[in-house]
Amino acid sequence: MKFGVFSVVDHYPAELPRMTAQFHGELLEQVGAAAALGFDSFWVAAHDFHEDGSIPSPPVWMAVAAQRPRRIHFGAALTRGS
């Protein structure tokens, strides 16, 4: 059995003031923690056209996260509004 982590990756600067770069750094730290704890994958939500979504392009973000020297798989959870 394999286990993964899913992050909605919403960024609400009014509730928790921080720069977007700091938010992404914290998210990469979460990836490292998930890998260190033995999780097999890390999933992010794609929020196209959502003002609080902080990852406009999950494939680009996953490419950056994959540069870390940890063995973990990445995925994006996509939704389609009607």
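In short: position in the sequence shown from 1, add 224, done, that's our numbering. Virtual Cβ for every residue (Gly too), placed ideally from N, Cα, C. Bear in mind the structure is a predicted one, so any value in this text is a computation, not a measurement.
Task: Contact belief for alanine 269 with valine 232 at Cβ below 8 Å, rounded distance in angstroms - done: Position 45 of the sequence shown, counting from 1, holds the residue named residue 269. Position 8 of the sequence shown, counting from 1, holds the residue named residue 232. Sure, about 5 Å apart at Cβ, within 8 Å.
TODO: Kindly indicate the opening and closing residues of the alpha helix (DSSP H) around alanine 258.
DONE: Residue 258 sits at position 34 when you count from the first residue of the sequence shown. Here the alpha helix (DSSP H) through alanine 258 covers 244-260.
Open item on the list: Would alanine 258 and phenylalanine 266 be called neighbours here (beta carbons separated by less than 7 Å)?
Closed with: Locating residue 258 in the sequence shown gives position 34, where the first residue counts as 1. Locating residue 266 in the sequence shown gives position 42, where the first residue counts as 1. The Cβ atoms of alanine 258 and phenylalanine 266 lie closer than 7 Å to each other.
Open item on the list: Measuring only the C-alpha atoms, how far is phenylalanine 298 from serine 278?
Closed with: Numbered from its first residue, the sequence shown carries residue 298 at position 74. Numbered from its first residue, the sequence shown carries residue 278 at position 54. When rounded, the distance between both Cα atoms is 17 Å.
Task: Nearest candidate by alpha-carbon position, reference proline 280, set Arg294, Ala300, Phe263, Gly256 - done: Residue mapping note: residue 280 aligns to position 56 of the sequence shown, counting from 1. Between proline 280 and the set Arg294, Ala300, Phe263, Gly256, the nearest pair of CA atoms involves Ala300.
Task: Counterpart residues of aspartate 267 in DSSP-defined beta bridges - done: On the sequence shown, position 43 is the one that residue 267 refers to. Before going on, a small fix: residue 267 reads as tryptophan here, not aspartate. According to DSSP, tryptophan 267 bridges with Phe230, Gly299.
TODO: Could you check if isoleucine 289 is buried or exposed, using at least 16 other CB atoms within 10 Å of its CB as the buried criterion?
DONE: The residue labelled residue 289 in the question sits at position 65 within the sequence shown. Note on identity: in this sequence residue 289 is alanine, with isoleucine being the wrong assignment. Alanine 289 should be labelled buried.
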